[in-house]
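Notes follow once the structure below has been shown.
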Amino acid sequence: MINNMHFYEQLSGMPLFQGMNRDDFMFVIGAVKFDFYSVQPGKNIISENDVCDSAVFLLDGEMEVRNVSDDKSYSVSEFLSAPQVLQIERLFGMTQRYDRNYIAVTKCSFVKMSKNEILKVIDDSFIFKLNMLNMMCTRIQRLGRIPWRNSPSDIRAKIIRFIYDRCTYPAGKKQASITMERLAQIIGESRLNTSDELKLMNSQNLIDLKRGTITIYALENMF
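Here it is as structure tokens:
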């Protein structure tokens, strides 16, 4: 038995449910089947290439979202706390599989809605339908702006852009597992200059630099 008011408070923070009043939400609760589950720290939540056949909402906890390059030479992780929805855009379109790995950092609580249940809510709730359209359109518009941005001119800006472009949320803790040589190759700088800039950033407590790993404490502080 779920606590409807507590559940309402948790879901109302999700973009898909924003603008719904209590009556709207109670209608959804009565019409839709929700599956609740939890994942222990260190355990896999979702793996890259898993089929995306449900909308998965993180209600409580923190998770690592790890994205691996196509050539497997590096990965970039971001650490996200509830509330979150996990790649709902992957329910539709050409590729209906996740393209990232999700790992529980703390105990994580989730609620899941199948694709059929999502389609049912879209049919019955104009607010939910509008929220989904707004979310999809916003992501498309952001992607459309990427080729038109000014290229960073200095090494630090290139390093920050490398991390920023591979994350879904422009703030919080991020971590890149990459060799110095590979990073220098990607940003178009020498290994020596890249190494010197990373060491300077480390001395300024902007990052934590270890062999093969760059941790950014708060991406929003890098701009």
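The sequence shown begins at 1 in my numbering and counts up by one. Note that the Cβ used here is the ideal one computed from N, Cα and C, for glycine as well. Fair warning: this is a prediction, and the values are worked out from it, not measured in the lab.
Asked	Found
Where lysine 158 falls, given that 16 or more other Cβ within 10 Å makes a residue buried	buried
Boundaries of the alpha helix (DSSP H) in which methionine 132 is found, first to last residue	126-145
Chain-order list of residues whose beta-carbon lies under 7 Å from that of glutamate 117 (same chain, five-residue window excluded)	Val32 and Lys33
Nearest-angstrom Cβ-Cβ length linking isoleucine 46 and tyrosine 102, presumed shorter than 8 Å	4 Å
Cβ-Cβ distance between leucine 58 and leucine 86 below 8 Å	yes
Other residues of its chain near asparagine 202: CB distance less than 8 Å, five sequence neighbours each side excluded	Asp208 and Leu209
Lysine 112 versus asparagine 150 - alpha carbon distance	40 Å
Three CB pairs or more closer than 8 Å across the stretch 21-41 and the stretch 76-83	no
Nonlocal neighbours in the same chain, by C-beta distance under 6 Å from lysine 43, ignoring five residues either side	Ala104
Helix, strand or coil at serine 203 according to DSSP, with G and I counted as helix	helix
Residue interval of the alpha helix (DSSP H) (run including leucine 183)	180-187
Buried/exposed call for methionine 20, threshold 16 Cβ in 10 Å	buried
Proximity below 8 Å, CB of lysine 222 to CB of isoleucine 216	Sequence check: residue 222 is methionine here, not lysine. For methionine 222 and isoleucine 216, yes; Cβs fall inside 8 Å.
Arginine 97 beta carbon less than 8 Å from that of cysteine 52	yes
Sub-8 Å separation of isoleucine 155 and asparagine 193 beta-carbons	yes
Limits of the unbroken beta strand (DSSP E) element including phenylalanine 79	75-81
Beta-carbon proximity list for phenylalanine 126, same chain, < 6 Å, skipping 5 on both sides	none
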